[in-house]
Structures are given as structure tokens and as C-alpha cells.
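**Student:** Going down the list, the protein sequences come from chains A and B. Position 216, counted from 1, in the first sequence is what full-length UniProt numbering calls 216; the numbers after and before it change by one each time, with no gaps. Position 166, counted from 1, in the second sequence is what full-length UniProt numbering calls 166; the numbers after and before it change by one each time, with no gaps. Idealized CB from N, CA, C, for every residue including glycine.
There are 2 protein chains.
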Amino acid sequence: MNEREWLEYLKKYLYEKLPVIATYNEDATVIEIKENHYLLLTTDTLVEGIHFDLAYFDFYSLGVKLAASNLSDIAAMGGWPKWALLTLGSPKPIDPSFIDPFMEGLVSTLEKYSAYLTGGDTVRSPFFFFSLTLVGETEKPLLRKGAKKGDYLFVSRALGGSSAFLRWIKEKPLDQIPENFKKAHLRPEPEIELGLFLRNIASSAIDISDGLLLDLSRLCIASQVSAEIEEEKIPLEEGATLEEALSGGEDYALLFTIPEKNLPYLTKINKKIFYLGRIIEGVGEILFLTKKGERKSLPPKGFDHFTFLLQS
Amino acid sequence: MNEREWLEYLKKYLYEKLPVIATYNEDATVIEIKENHYLLLTTDTLVEGIHFDLAYFDFYSLGVKLAASNLSDIAAMGGWPKWALLTLGSPKPIDPSFIDPFMEGLVSTLEKYSAYLTGGDTVRSPFFFFSLTLVGETEKPLLRKGAKKGDYLFVSRALGGSSAFLRWIKEKPLDQIPENFKKAHLRPEPEIELGLFLRNIASSAIDISDGLLLDLSRLCIASQVSAEIEEEKIPLEEGATLEEALSGGEDYALLFTIPEKNLPYLTKINKKIFYLGRIIEGVGEILFLTKKGERKSLPPKGFDHFTFLLQS
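Rendered as C-alpha cells:
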């Protein structure tokens, strides 16, 4: 099964009728609970040996990253994060040496965005894993679908830093790795404020968790459009490679499209955002305009752990 | 850390102000979203090698049990189950041989109680694990706290079958194990209908997931009462031992208290329920009246996996 086949497969089991507006095909499940009031549900998990290695990942950062990855999904939906449930899988008795920094990182990150821990489950496991479910709300969900031909494509920050961290950690001790890579991989920041602003002006959005190309192709498929991006516009995190910016995972930037008539509102965003290219006719194709002026179609190559699960 | 210390510890990190009515100290988180309308949030996880062994647990049953354990939490809160998110951790590429029966078991069990799968996450993991978050609703949450001295204590079905299964499977092949034990352990049934009825007449309730004694002591501590139960009243699943009925986990029966004035309403319940004893003064003590007429205090010994995590 590839990803598209997997989503197709899941359709058989998913409830996709009102009041359910969106399921696996969005960054969060969207349920209309009353007029102009939607519940957002998302869940994200970090598994020891797969998503992190305790040789370099401290427990405070694990808490931060678990919160941030879930918050980023709510950000991409233009929502307010609200309530979180934590599932903690532990191979050993709980003791302060790891639970204190983990909880501090998790809860301080949630609370920074006015989200709160309200419950969960604690289980024994052969390995550590941390799973968070985050409930959010919005009066206007921002979806992956909605991008139209001619819309302008933006990304909310420089890319590739998280992936560059993984390249460095293979060869260097943690204290020799550039700070910007450590921050990108260990303590990413969700774009909650930006997402809330965008829900009124963007035609579509997604968070980049599995790489620019893969997440852009998801947005394009959902919107039934294609995109053209310009190599020279792609913002590289300082020291990251183009490959890392295009296909590295876990940047947690927002990727979004703005109709031409709404471009003036972008001046109200109080952070730097980056223009990448335009939305064009087609279905899910990504055209790449190189610095040399060549135009080529790029396959949606993305983050490895996902590919593994869906190969047959 | 023992369980009480763990819950005390968590308080530092939990948000327990309105609109949050209950957190880790109940079977589900309760959030008041408008007058007489509460959101219920619960999550439960099955980890390979800890909660199940693929040598005897088929994937259809895993789906049933994952759904049932979460549904049981909503039942204990007197709620309607609504929306579910699945996190699937898999050590190998997804293929129909396991995903088909798992999804059939999960979704058919959810839908039997008008709950629906609406999203989730799929991750690579060194072992299988399955985690479900279930969102429910109620206009009147049924809590663990509320039991009063003199209330009558009941349980919704015979106990010990799930634990007896684990005793048998150590020595016998699956096909030689009595059907009632297999059903209890592999395909438990949540008490949704009963929970909905009880929210109007019971003073407190909890689901028995970690053993009668342990869950009764939780109910008693939450209610700031003690309980006296009679040995001869405890309903044993046919072939199960008293020890399994008292301290075996995963029965998913409801344990609940009824004030004397509401006893007449019990005749409206269209299933057999079992009287266990009475609520008495005290805090968290369980007095056990043996068949020989002795009265002794029993320690709240419960399901092993939980104890492991909290020993220091």
C-alpha cells in the first residue's frame, strides 16, 4: 500500500458524514458541534528508537516536541488548542529523573498556547513512547482543500533544520551541533498565532511534518490542483541542504495558499514568511523551477518512517 | 511512587479548573462545554508483550478489546460514545492480513454503540501497539465521587473471567480454554446502555479495569467513604477463583452505588446485576465479610501492569 491506497483503504472504516467535516485527510479531525463552532481532534506519537533516541534526546525536549507536533496540527487547521490527553508508555517505574523534565517540557509548551493537560493513561511498554491527543476549537476550520489556480504559495519559516540535525548527530556529539539545528529538531515551535490569522485569509494550509514536497503534494491532491515552486525562493535553514529543505521531515512550518485579493493582508503578519511559488492547474504535480531556469516535475519524496509503513 | 502519590504528582501539571470537571481521577476527562452538556475524553492503549501476546490474541479481538476498553470508560461516566481516533504503532508494513481483521473488530464494536472512527495517526514502532482516544458526551456525568454511607453497591456482571483466561493460557492451547474465559478476555462487552441508565439513579460509578478491590478502593477514596462487601454475594464467572474476581483486571464490569431511595428503579434494568454490599463510613477501606462470618480489611490489590509502573 502506498499512502494514497492507505487513505483509500481507511475510507471503508471512517465516518465521513455530517457532523464530521474531515478525518485522516486533514491535519486534524473536524467535527461541527454547532453553527460556526468546530471541534478539532488530533493525535501524534513519539516512539523510542523510531522518532527519538535517548542518546541525544533529553526528556524536557521530548515533552516540548510532543506538544509542538500536536499544536502544529491545530495551527494548520486555524484553531485554538484547548485540552490534551497524554499516554505515557514506560519500560521502567516512573521516577522524577525523567518524568519531571518531560512533564515540564510538555505542560509549559501547551500552556504557552493556552492549552492544558486534562487526563490520559499510563502503561507499561517494552520501550518508551509518548502519545498526545489534543482537542482544539475553531469557528472556521482551515483545510488542505481550497487552493485555487493562481493562488500564492507561502511557507512560514526556513526549512531543513530538523533534518540537518539528524545528519549531524550521526557524526558529532550533541554539543558540537549548531544551535539552530538543535532547536529545529528538539524544540520546534508551532505556528498557532499564524494559523489563527490565516483562517480568515488563506485558501488552504497544511503543516510540514513529513517534508515540503510530500506535504505540498497532499495539499495539492486535496485541493485538486498542482503547484510550481522556485528553487531560489526556498528558504533554507542556515547550513541545511536543499534536499533537507525539500524532503526532510518535522519542520512544523505552515505551508499555505493566499488568493491574490488577500495578499494585502499579509502585511499584518508580524513575522517573516516566505513566498515559494504559485498554484497551477493539474492534480498533485509539483513543478520545480531551478536556478538555471529549468522546469522539472519532482516526486513527492518525504519522511522515511512513513514510507516504511506503507511499502508492501 | 504509589498510585496515590502519582495522582498527587500529576496534580501539579493538570488543569483542574472550570470548565474542566474531572481529569485523571475519573474514568474520563469531563469538560463542560455548555450548560448540561459535557464532553468526555478517554484514552486506552494495548501494547504487544504487555497487554497482549500475538500467540493467542487474534487481530479481530484486539480491535474489539481496544474499542471495548475505551467504551467502558465512557459507560462508567454515563455517556454516549461519539468519535474515536486510532494510533496504530506497527513494526512492519501494513498489510491486509492483520489490518483487515483489526479494523473490522475495532469499527464494528464502536459502531455497535453508535461511535465512529474519525481519524488518528500511524507510526512505526519496535512492537505493535494500539491506542484509541474516544470522545463522548453526556448531559449529566456519573462520577466516582458521590457515594454516601448507606448506599447499595452493585456490579454489572460476573467477575474474574478475564483473569482466569490468563491463568489458562499459560498451560493450555487456546482451543482448550473455556468459551466464557475467552470471551471475557478477548472480546469484553462495554456497558454503555447500563451507564446511560445509571447516570440518573446512581450516586457513583467506576468501571472495573484493574480489579474489583482496586477499583472499589478508588471509588471509595473519591467519595471519601469505605465499603463492606460480602464474600457470598461476589459473582464469580463460572470457573474463576475468588482471587481472580477480587483482584483480576480487565473485566470491564460497572461497579456502582445506588441510594436507598432509588432502589426501585433497578427493576427497570433489563439485565441481571449483582448486589455486593454497602457503603459505610471511613475513607477507602474495604471490609470483607467472609462466608464464615469473619470481617476483615482487604488491601486494594489490583492488576499487575499498573503496580509495576508505580513502584519505585
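1) According to the Cβ coordinates, are P81 (chain A) and Y113 (chain A) closer than 8 Å?
2) May I ask which residues mark the beginning and end of the alpha helix (DSSP H) holding R4 (chain A)?
3) Report buried or exposed for K65 (chain A), applying the criterion of at least 16 other Cβ atoms within 10 angstroms of its Cβ.
4) What residues of chain B sit near P126 (chain A), judged by a beta carbon separation below 9 Å?
5) Using the C-alpha atoms, what's the distance from N70 (chain B) back to P93 (chain B)?
6) Check each candidate in A:L246, A:E260, A:F256, A:L276 and name the one with the smallest Cα separation from P299 (chain A).
7) Please work out which residues of its chain come closer than 8 Å, Cβ to Cβ, to R295 (chain B), disregarding the five sequence neighbours upstream and downstream, and give them in chain order.
8) By a C-beta neighbour count over all protein chains shown, 10 Å radius and 16 as the cutoff for buried, is D151 (chain A) buried or exposed?
9) Do the region 118-125 of chain A and the region 198-208 of chain A make contact, defined as three or more Cβ pairs closer than 8 Å?
10) Distance, Cα to Cα, K268 (chain A) vs L132 (chain B)?
11) Between A75 (chain B) and L276 (chain B), which are expected to be in contact by the criterion C-beta below 8 Å, what is the C-beta distance as a whole number of angstroms?
12) Which of helix, strand or coil does DSSP assign to S312 (chain A)?
13) Would you please verify whether the beta carbon of S61 (chain A) is less than 8 Å from any beta carbon of chain B?
14) In three-state DSSP terms, what is L18 (chain A)?
15) Which word fits D44 (chain B), buried or exposed, when buried means at least 16 other C-beta atoms lie within 10 angstroms of its C-beta?
16) Closer than 8 Å by C-beta to H139 (chain A): which residues in its own chain qualify, once you throw out the five before and the five after it? Chain order, please.
17) Can you tell me whether E26 (chain A) is buried or exposed, with buried defined as 16 or more other CB within 10 angstroms of its CB?
18) Would you decide whether L10 (chain A) is buried or exposed? Buried here means 16 or more other CB atoms lie within 10 Å of its CB.
19) Report the rounded CA-to-CA distance for G160 (chain B) versus F181 (chain B), giving the unit in angstroms.
20) Determine the extent of the alpha helix (DSSP H) in which K182 (chain A) is found, giving its start and end residues.
21) Is the beta carbon of F127 (chain A) closer than 8 Å to that of E32 (chain A)?
22) Quick check on W80 (chain B) - is its C-beta less than 8 Å from some C-beta in chain A?
23) From the DSSP secondary-structure annotation, give me the bridge partner or partners of R295 (chain B).
24) Report the three-state DSSP secondary structure of A67 (chain A) (helix, strand or coil).
25) Would you say S312 (chain B) lies against chain A (beta-carbon separation less than 8 Å)?
26) Distance check for E281 (chain B) and A68 (chain B), CA to CA, integer angstroms please.
27) Name the DSSP beta bridge partners of K34 (chain B), please?
28) Run down chain A in chain order and give the residues with a C-beta less than 8 Å from the C-beta of L89 (chain B).
29) According to DSSP, is D175 (chain B) helix, strand or coil?
30) In chain order, what residues of the same chain lie with their CB nearer than 6 Å to the CB of R157 (chain B), ignoring the 5 residues before and after it?
**Tutor:** On the basis of the data shown:
1) Cβ distance < 8 Å, so P81 (chain A) and Y113 (chain A) count as in contact.
2) Run containing R4 (chain A): 3-11, per the alpha helix (DSSP H) assignment.
3) So K65 (chain A) ends up on the buried side.
4) Chain B residues near P126 (chain A): V47, E48, G49, I50, P126, F127.
5) Roughly 26 Å between the two C-alpha positions.
6) With distances taken between Cα atoms, P299 (chain A) lies closest to A:L246.
7) Taking R295 (chain B) as the centre and dropping the five residues before and after it, the same chain places the C-beta of E228, L287, F288, L289 closer than 8 Å to its C-beta, in chain order.
8) Under this definition D151 (chain A) is a buried residue.
9) With the rule of 3 Cβ pairs closer than 8 Å, the region 118-125 of chain A does not count as touching the region 198-208 of chain A.
10) The C-alpha of K268 (chain A) lies about 40 Å from the C-alpha of L132 (chain B).
11) Rounded to the nearest angstrom, the Cβ distance from A75 (chain B) to L276 (chain B) is 18 Å, too far for a contact under 8 Å.
12) Confidence in S312 (chain A) is poor, its pLDDT being 37 and thus under 50, which makes the residue's placement too unreliable to answer from.
13) For S61 (chain A), the closest Cβ of chain B is not nearer than 8 Å.
14) L18 (chain A) sits in coil when the DSSP states are folded into three classes, being neither helix nor strand.
15) Buried.
16) According to the sequence displayed, residue 139 (chain A) carries Glu and not His. Result list for E139 (chain A): N36, H37, Y38, in chain order.
17) E26 (chain A) should be labelled buried.
18) With 16 or more other Cβ atoms within 10 Å, it is buried.
19) G160 (chain B) and F181 (chain B) have their C-alpha atoms roughly 9 Å apart.
20) Residues 179-186.
21) Not in contact: E32 (chain A) and F127 (chain A) (Cβ atoms no closer than 8 Å).
22) Any Cβ of chain A closer than 8 Å to the Cβ of W80 (chain B) would place that residue at the interface, and such an atom is absent.
23) Under DSSP, R295 (chain B) shares a beta bridge with B:L289.
24) In the structure shown, A67 (chain A) sits in a helix (DSSP, three-state: H, G or I).
25) Here S312 (chain B) scores only 36 on pLDDT, less than 50, and its place in the model should not be relied on; the value that follows carries that caveat. Yes, S312 (chain B) lies at the interface with chain A (some Cβ there is under 8 Å from its Cβ).
26) Rounded to the nearest whole angstrom, the C-alpha separation of A68 (chain B) and E281 (chain B) is 34 Å.
27) Residue pairing for K34 (chain B): DSSP places it in a beta bridge opposite B:H37.
28) Reading off the sequence shown, one finds Gly at residue 89 (chain B), where the question assumed Leu. Correct list: T45, V47, F129.
29) D175 (chain B) carries a helical assignment under DSSP once its states are collapsed to helix, strand and coil.
30) Cβ neighbours of R157 (chain B) beyond the five flanking positions: A253.
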